[in-house]
Each structure stands twice: as C-alpha cells, then as structure tokens.
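>
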Amino acid sequence: MKYGVFSALIISVLWGILAIAQLWFSPLSSEIFTKVTISAGILVAIIVLSTIVIREFLTDQNLRKDGFID
96 MKYGVFSALI ISVLWGILAI AQLWFSPLSS EIFTKVTISA GILVAIIVLS TIVIREFLTD
156 QNLRKDGFID
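Mapping of the sequence shown onto the working numbering: position 20 corresponds to residue 115, and the numbering continues sequentially without gaps.
(1) Would you decide whether ILE142 is buried or exposed? Buried here means 16 or more other CB atoms lie within 10 Å of its CB.
(2) From what residue to what residue does the alpha helix (DSSP H) around ILE137 run?
(3) Quick one: measure Cβ to Cβ for THR146 and VAL100, integer angstroms, because I've assumed they're closer than 8 Å.
(4) What's the C-alpha gap between ILE106 and PHE152?
(5) On a CA-only basis, which of MET96, THR132 and TYR98 is nearest TRP110? Give me that one, please.
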C-alpha cells in the first residue's frame, strides 16, 4: 500500500510542477499538456483505486483468518 500511495503522490507532485511550469513558461503545446493531464489523472485514479481494493481484500482476509467475520 505504501508503494501505491507513494507512486500516486509522485505523479501528482510532478504534474503540479508541470502545471506551474506550463502556466508561466508554456514548455508544451496545449494539446500535449491536455494529454499529459488526462493521462496523469487516469494513472492516479487507477493506482488509488487498486490500492484501496487490495487494502480492503487484505483486511477482509485477515478478519476472516482471525474469526471476526464468516
């Protein structure tokens, strides 16, 4: 789970730096920046959702093993 949160945070921070650079210096065309923004958003969503699903699965598995749920 640490890896999922860490990688989503890294992508978000890098995108934030790119967005600030785009605002002030325009290193990318607007079309490319839009593609990068959409790609970063999709990647972060996939990473966060898969991390949540894995965490819930592992928690459920541990609760079943300890006899708290059937």
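All C-beta atoms, glycine included, are put in the ideal place defined by N, C-alpha and C.
On the basis of the data shown:
(1) buried
(2) 125-161
(3) So it is a contact: roughly 6 Å between Cβ atoms.
(4) 25 Å
(5) THR132
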